[in-house]
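Quick note: the sequence shown uses my numbering, first residue 33, plus one each step. All residues carry an ideal CB built from backbone N, CA and C; glycine is no exception. Quick caveat: nothing in here was measured; it's all calculated off a predicted structure.
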Amino acid sequence: MELYRNQKQTFSVNLLQPNNPTVEAHWLLNDQEIGNSSQLTLVANDYNPGEYTLTVQVQDVTSQVIKDTDNKLQ
């Protein structure tokens, strides 16, 4: 997607929350964390022109989550 000067774009994820809210979202722009909620708004004026990669990582931080040590769930 492209953003032009004075434009903004909102991204969101729906987090499935168990009884205790332990699911977290972390937004990364070019591998640098820029947010940690279920929603993120990018404002074009906050960044220099160029290409960027936006990623969201979602994880459950409880100790009762199955560990994917072989990275099969990615």
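Burial state of residue i (16 or more Cβ within 10 Å)
i          : result
residue 48 : exposed
8 Å contact criterion, which residue i and residue j should meet: CB distance rounded
i          : j          : result
residue 87 : residue 54 : Incorrect: roughly 21 Å between the Cβ atoms, too far for contact.
CA-to-CA distance, residue j to residue i, given in whole angstroms
i           : j          : result
residue 101 : residue 56 : 19 Å
residue 60  : residue 83 : 14 Å
residue 41  : residue 90 : 20 Å
residue 35  : residue 46 : 23 Å
Endpoints, beta strand (DSSP E) assigned at residue i
i          : result
residue 89 : 86 to 92
residue 67 : 64 to 67
residue 76 : Taken as a continuous stretch (DSSP letters only), residue 76 belongs to no beta strand (DSSP E), as it is neither H nor E.
Within-8 Å CB hit, residue i to chain D
i           : result
residue 104 : Considering every chain present, this structure includes no chain D. It has just one protein chain.
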